[in-house]
Structure formats: C-alpha cells, structure tokens
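J.:
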Amino acid sequence: VLLQHADIAMYVAKRSHAGIALYDRADDHHSTERLQLLADLRTAIDEDQLVLHYQPKLDLRTGAVKGFEALVRWEHPTRGLLPPVDFVPMAERTGLIHPLTDVVLRSALKQVRTWCDGGNPMAVAVNVSTRSLLNLDFPDRVLALLTEYDVAPGLLGLEITETTIMEDPQRALTVLTRLYEAGVRLSIDDFGTGYSSLAYLKRLPVHELKVDRSFVANMMSNDRDRVIVNSTVALGQSLGLDVVAEGVEDEATRLALETLGCDLAQGFLFSRPVVAPLSGAWSTVPV
Ligand code: C2E
Ligand code: CA
Ligand code: CA
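One point on numbering: in the working numbering, the residue at position 145 of the sequence shown is 151, and numbering is uninterrupted.
(1) The alpha helix (DSSP H) spanning residue 3 covers which residue range?
(2) Specify the secondary structure class of residue 84 as computed by DSSP and reduced to three states.
(3) Examine the Cβ distances between the stretch 240–260 and the stretch 221–231 and report whether three or more of them are shorter than 8 Å.
(4) Could you name the residues of the same chain whose beta carbon sits closer than 6 Å to that of residue 159, not counting the 5 residues immediately before and after it, in chain order?
(5) What I want to know is whether the C-beta of residue 135 ends up closer than 6 Å to one or more non-hydrogen atoms of ligand 1.
(6) Measuring from the CB of residue 77, is there a heavy atom of ligand 5 at a distance below 6 Å?
(7) Specify the secondary structure class of residue 79 as computed by DSSP and reduced to three states.
(8) When the Cα atoms are used, what is the spatial distance from residue 98 to residue 220?
(9) Measuring only the C-alpha atoms, how far is residue 290 from residue 70?
(10) With burial defined as no fewer than 16 other Cβ atoms inside 10 Å of the residue's Cβ, what is the status of residue 214: buried or exposed?
(11) Could you work out which residue in 279, 238, 275 is closest to residue 269 when comparing CA atoms only?
(12) Considering only heavy atoms of ligand 3 and the C-beta of each residue, which residues fall inside 5 Å, strictly closer?
(13) According to the Cβ coordinates, are residue 279 and residue 77 closer than 7 Å?
(14) Could you give the residue range of the beta strand (DSSP E) that holds residue 4?
(15) Apart from the five residues on each side of it in sequence, which residues of its chain come closer than 7 Å, Cβ to Cβ, to residue 119?
(16) On the three-state DSSP scale, how would you describe residue 47?
(17) Which first and last residues belong to the beta strand (DSSP E) in which residue 313 is found?
(18) Check the C-beta distance from residue 249 over to residue 275 and give it rounded, since I have them as a contact under 8 Å.
(19) Restricting to Cα atoms, I'd like to know which of 168, 60, 235, 212 is closest to residue 203.
(20) Going by alpha carbons, who is nearest to residue 133 out of 235, 192, 175, 126?
(21) Going by C-alpha distance, which of 252, 264, 263, 262 is nearest residue 61?
(22) Decide yes or no for the touch test of the stretch 53–60 against the stretch 38–45: beta carbon pairs closer than 8 Å, at least 3 of them.
(23) Please name the residue, chosen from 174, 121, 210, 231, that lies closest to residue 198 on a Cα-to-Cα basis.
(24) Between residue 273 and residue 88, what straight-line distance do the alpha-carbon atoms span, to the nearest angstrom?
(25) To which residues does DSSP link residue 62 through a beta bridge?
(26) Alpha carbon to alpha carbon, what distance is there between residue 149 and residue 182?
(27) Report the option in 196, 57, 242 whose CA atom is closest to the CA atom of residue 117.
(28) Have a look at residue 173 and residue 267 and give me their C-alpha separation to the nearest angstrom.
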C-alpha cells in the first residue's frame, strides 16, 4: 500500500482526538502498520475473520452454567489470533465499530439459535462499545436482529461499561430503557472503575453488576479490593441486582466470593473463553 504523509497525519489526528496533527516521521512506522491493520479489519468484518469465544458464567453455589459471555477475536490470516485490545479500540476510533458490533451480535444470536434448536437454550452476553451504545438507533437494530434469529430477548445480555454510561448519562438512559423494556438483559461491566454516583445508578434500568477483574484478582491479598468487592455485592443485593465476579482464578477466591454472598462468577478457574461449546456438555462444568 502506498501511504501518503497526509493520510498518516490524518490518522494520527483521529487517534489523538485532536482533529489536527502534523506529519511526524516518528509516527510513520507505527501508523503505517496500524493503517494496514485498519484496512485488514475492513476485510475481516466482510470475510468472517472475526470469531467469538465463549466463557461460561456460573452460579457460585451450585456450579451450574447460567449463560456465556461472547468475546471477540480476530483470526488474522498472517498475524494469528488477535485479542480484542488489538483492534476494538481502533474500530471505536473509526466508523468500523458499527459493522463490528453488528457482526458480533449476529454471530452470538446465531449461536443462541443453534443452542435453542438443540433443545438447550443458553443465554449469551455481548460487549457493547460506547459508540454503538450511544447510538439512538441501536435498540431498533438489536430488536431487528432478535427477530431475524428468532431469539427471545431474555436470552440476550448486553454488557456496558460504567465509563460508557457516564460519557453521556442521558443518552445512555434513553437507550438502556428501550432495551430493558424490550426484555434484553443489561449488565454494567467493569463496575467500580468508573465514577457513577449511587444516585444515578439507582435510576439505571439494569439487571446485573460485574465487579471488575482488577478487584477480584487481588481481593485475597489486598484489603481495599476485598472491601470493594464486598460492598459491590451488598449494593447489588440491596438494589435487587445480580452480581458477577469476573476473573476468578483460584479456589480460595471462589470460596471467599461465595461466603460474601456473590451470585455468579467467571474466570479461568472454571474455564477460559473457548470456541462455541455444545450446551449439553456445558451444563456440568466441574467446579
Ligand atoms: P471484559 O468485558 O472485561 O472481558 C473480560 C476479559 O477478561 C476477557 O478478555 C477475558 O478473556 C478475560 N478473562 C476472563 N476470565 C479471566 C481470568 O480468570 N483471568 C484473567 N486474567 N482474565 C480473564 P478479552 O477476551 O481479551 O477481552 C478484553 C476486553 O475486550 C473485554 O473486557 C471487552 O471490554 C472487550 N471486548 C471483548 N469482546 C468484545 C466485543 O465483541 N465487542 C466489544 N466492543 N468489546 C469487546
Ligand atoms: Ca464484559
Ligand atoms: Ca470487565
């Protein structure tokens, strides 16, 4: 690809949100590679190179699988399997996040339809980026896809970060209310890392809080993290919300969470994200 300096400057400007940037040779190598990746991502979206891996969400007491979180990966033809951090932020900065969200939703709903057809309906949760969620057309898009795949709204969850919600609380409330009323399950992801006030949180139409992995990972060694997990569980209970602890990696943490009264958990202790599991085999994940 022949890249013009102006293209690179423009791309750097977009990345920095500054709207303007001067060409700088130091950005060149880095940006050229990123521009290539951006071009590749367009192709990837059109040619089914984006795949979903699924991580089970378990009931902490019984070990029963309550559903799966879908996590996107890119099967890049030359670079191998790329994690979301390598391309989702780039998609967010460019218009590509909308088709990406679309592809992910389609793929997840198609999987739910397969599980339903196999006689074992399982819920799936999809991560939604800020720009997708804050788009006022988003609820209609989601509902149209639910109809297209003939999936009950209660089998679809959407995970939205606290940061996304706080970026435009009014708009987020409008979009979330529409989805909630349609019966879609809503989770606040990375809970505890943002700055939402309790007063605002109380008004939000959501079903679930997900305690951020950073707190769960250190709760056995760091008292402050343990206090944050503890108070999130208590908060969720008092608001009538499910609480999911993510990033559970060892038995001691699992036991501590169970003792705190946390409902659900995810983490490498139970399973890494894996390619679409057959639902039957997964109702008995060992704890
Ligand atoms: P997230 O939603 O907080 O997802 C949890 C991340 O923690 C996942 O990383 C998962 O693989 C990882 N994880 C799960 N259990 C454990 C554990 O026990 N220990 C450790 N160390 N890690 C664990 P992943 O798949 O790399 O995803 C990273 C982030 O990318 C996600 O964070 C989410 O914000 C974003 N993402 C993933 N899929 C999508 C998607 O389809 N669309 C959008 N917009 N964002 C996505
Ligand atoms: Ca998530
Ligand atoms: Ca998280």
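Ideal Cβ placement from N, Cα and C applies to all residues, glycine included.
Quick caveat: nothing in here was measured; it's all calculated off a predicted structure.
T.: Result, derived from the coordinates:
(1) Here the chain covers residues 7 to 293 and nothing more, so residue 3 does not appear.
(2) coil
(3) yes
(4) 152, 188, 189, 190
(5) yes
(6) Looking at this structure, you won't find ligand 5 anywhere; what it does contain is ligand 1, ligand 2 and ligand 3.
(7) strand
(8) 23 Å
(9) For residue 290, the predicted model reports a pLDDT of 44, less than 50, meaning its position is unreliable; a value from the coordinates is still stated below. Looking at the two C-alpha atoms, the distance is approximately 7 Å.
(10) buried
(11) 238
(12) 195, 196
(13) yes
(14) Past the edges of the chain, shown from 7 to 293, lies residue 4, and the structure says nothing about it.
(15) 155, 156, 157
(16) helix
(17) The chain is shown only over 7 to 293; residue 313 falls outside these bounds and no answer can be derived.
(18) 17 Å between Cβ atoms; not a contact.
(19) 168
(20) 192
(21) 252
(22) no
(23) 231
(24) 20 Å
(25) 74
(26) 13 Å
(27) 57
(28) 31 Å
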